[in-house]
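Colleague: For what it's worth, my numbering labels the leading residue of the sequence shown as 17, then goes sequentially.
Backbone N, C-alpha and C fix where the C-beta goes; we use that ideal spot for every residue, glycine too.
Bear in mind the structure is a predicted one, so any value in this text is a computation, not a measurement.
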Amino acid sequence: MKFSDRANELRPSAIRAAGKLIASREGCITFAQGYPAAELMPVREMTEITDDILGSRGEIALQYGMTKGNEELLKEIVSMLAKSGIKCEPKHIQVTTGSQQGVFLCAMLLLNKGDTVVVENPTYLGALSSFTPLECQFAGIDADSEGMDMEALEQRLAADSSVRIIYVVPNFSNPTGKTWSLERRKKLLELAVKYDVMILEDNPYGDIRFEGTPVPSIKSMDETGHVIYLGSFSKVLCAGLRVGFTVSSEKTADIFEVFKQGVDLQSNEFAQVQVAEYLRRYGLDDQLERIRSVYRRKRDLMIQVIDEEFPACVERTHPEGGMFVWIVLPEGTDASVLLEKAVREAAVGYVPGGPFFVEPGHENTARLNYSAGSDEEIVEGMRRLAAFFKKELEG
């Protein structure tokens with residue numbers, strides 16, 4: 017069988033690959049998943065909502081719906097976003113099957129073969145997977161604790177007319193957990209307008225802030241239509257429903273709707289009705305407070321073990337929200353090689369950091385998730401990892 021050139025360029029997800037390796041070891045504690053905490057999903061509320069929907073309007077909720085999205089959900093998203101300073105109307109929104117599909121629709125919209133996508137070093141692995149089939153190039157820009165290096169970004173934009181997209185996760189990024197400063201966000205928007213390049217602002221974690229001061233989204237400052245905003249209910253409500261959305265200009269949203277008709281016709285109508293009804297009845301404030309409280313505790317447990325028991329040569333980030341801690345091992349260390357030994361010898365796993373970069377040379381990094389595991393699993397698993405790293409890195 018002959019496959020397309022783009023099919024031959026595809027590579028399996030390093031996160032999924034790590035998950036398979038870890039699952040093969042009985043009793044292995046994993047920090048590889050990017051899962052939200054299962055115990056915080058509103059099962060009781062969703063059960064009541066589901067029963068009520070099926071009892072009162074099941075014939076409608078189980079039927080096909082509009083490609084653009086369920087009308088009630090669109091209205092609820094508008095109201096939700098207004099609280100965070102993003103002004104929009106239903107005509108600006110496209111409901112997607114998770115924000116991952118939103119990234120792919122953006123790639124279809126903006127990229128031709130050979131075009132360049134600028135990303136932060138490191139960046140979300142799933143976004144790279146969405147862009148790659150469009151046969152684009154990648155340019156990674158290094159970042160510090162405040163975000164992407166704006167001087168380096170402008171140098172790239174000035175020298176490379178093939179740049180079409182700047183993809184960023186400015187709030188508690190996957191994988192590092194870092195958050196951009198307001199100044200970097202403003203400068204990024206300024207450069208996007210100056211060089212007429214689109215920003216994709218992916219914000220699945222922005223509401224999960226449990227420390228520090230919230231920073232306005234880039235989209236809330238966008239007056240020229242240079243920002244496409246990607247949102248999701250996966251991390252704050254029910255991950256398995258896979259309900260996400262984009263916010264863009266009306267023209268862009270119309271094109272997304274046509275593209276989506278060729279991808280899946282529409283997102284799950286019943287799931288959209290469930291989310292809309294949850295938002296109407298409860299809003300997200302109480303749910304978010306529960307998440308923030310639990311995730312703060314879990315993060316604290318993780319970084320406490322790192323600080324007290326990891327070798328001094330291991331560095332870490334300090335996320336103010338989100339779901340991940342990023343660690344840097346000594347130069348020359350290959351976290352992928354160590355992962356296989358950690359799973360086999362210590363029954364603990366993580367995601368190697370190298371694949372989150374668009375160029376080689378960062379194999380001494382790793383992503384740790386603290387949201388999915390129990391308190392006991394975090395403490396025990398991190399102690400196993402600490403003992404393993406001491407043996408491997410200190411001899």
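Pairs of beta-carbons, one from the region 218–227 and one from the region 336–353, closer than 8 Å: are there three or more?
Modeller: The region 218–227 vs the region 336–353: in contact.
Colleague: Mind checking which residues open and close the alpha helix (DSSP H) that includes Ala-292?
Modeller: 285–298 is the span of the alpha helix (DSSP H), which, as asked, contains Ala-292.
Colleague: Who does Gln-153 pair with in a DSSP beta bridge?
Modeller: Partner(s): Thr-132.
Colleague: Can you tell me whether Asp-158 is helix, strand or coil according to DSSP?
Modeller: DSSP places Asp-158 in strand when its eight states are reduced to three.
Colleague: By how many angstroms is the C-alpha of Phe-286 removed from the C-alpha of Glu-61?
Modeller: Cα to Cα, Glu-61 sits roughly 15 Å from Phe-286.
Colleague: Could you tell me the alpha carbon to alpha carbon distance between Gly-348 and Pro-327, rounded to whole angstroms?
Modeller: Distance between the alpha carbons of Gly-348 and Pro-327 is about 16 Å.
Colleague: Looking at C-beta atoms only, is the number of pairs between the region 205–216 and the region 146–161 that lie closer than 8 Å three or more?
Modeller: Output reads no: the region 146–161 does not touch the region 205–216.
Colleague: For Tyr-183, list the residues DSSP reports as bridge partners.
Modeller: Answer is Val-135 and Leu-216.
Colleague: Helix, strand or coil for Met-164, going by three-state DSSP, please let me know.
Modeller: Residue state, collapsed to three classes: strand.
Colleague: Sort out for me which residues DSSP pairs Gly-247 with in a bridge.
Modeller: Per DSSP, Phe-261.
Colleague: Assign Gly-74 to one of three DSSP states: helix, strand, or coil.
Modeller: Of the three classes helix, strand and coil, the one that applies to Gly-74 here is helix, per DSSP.
Colleague: Hey, how far is the Cα of Leu-345 from the Cα of Lys-314?
Modeller: Roughly 22 Å between the two C-alpha positions.
Colleague: Under a Cβ-count criterion, where at least 16 other Cβ atoms within 10 Å of its own Cβ denotes burial, should Tyr-294 be classed as buried or exposed?
Modeller: When all chains shown are included, Tyr-294 counts as buried.
Colleague: Tell me which same chain residues have a C-beta within less than 7 Å of the C-beta of Glu-92, skipping the five on either side of it?
Modeller: So the qualifying residues of the chain are Ala-292, Leu-295 and Arg-296.
Colleague: What did DSSP end up calling Ile-234 once you bin it into helix, strand or coil?
Modeller: If DSSP states are grouped into helix, strand and coil, Ile-234 belongs with coil.
Colleague: Based on the DSSP output, what are the partners of Trp-342 in its beta bridges?
Modeller: DSSP lists Arg-383 as partners of Trp-342.
Colleague: Can you check whether the C-beta of Leu-70 is within less than 8 Å of a C-beta belonging to chain B?
Modeller: Looking for chain B here will not work: only one protein chain is present.
Colleague: Can you name the residues that DSSP bridges to Gly-397?
Modeller: Per DSSP, none; premise fails for Gly-397.
Colleague: How about Gly-114 and Ser-248: do their beta carbons lie closer than 8 Å?
Modeller: In contact: Gly-114 and Ser-248 (Cβ atoms closer than 8 Å).
Colleague: Around the C-beta of Phe-373, are 16 or more other C-beta atoms found within 10 angstroms, so that it is buried, or is it exposed?
Modeller: Answer is buried; the Cβ neighbour count reaches 16.
Colleague: Is it buried or exposed for Ala-98, if we count other Cβ within 10 angstroms and need 16 for buried?
Modeller: Classification for Ala-98: exposed.
Colleague: Under DSSP, the beta strand (DSSP E) around Thr-113 begins and ends at which residues?
Modeller: Its beta strand (DSSP E) spans residues 109–113.
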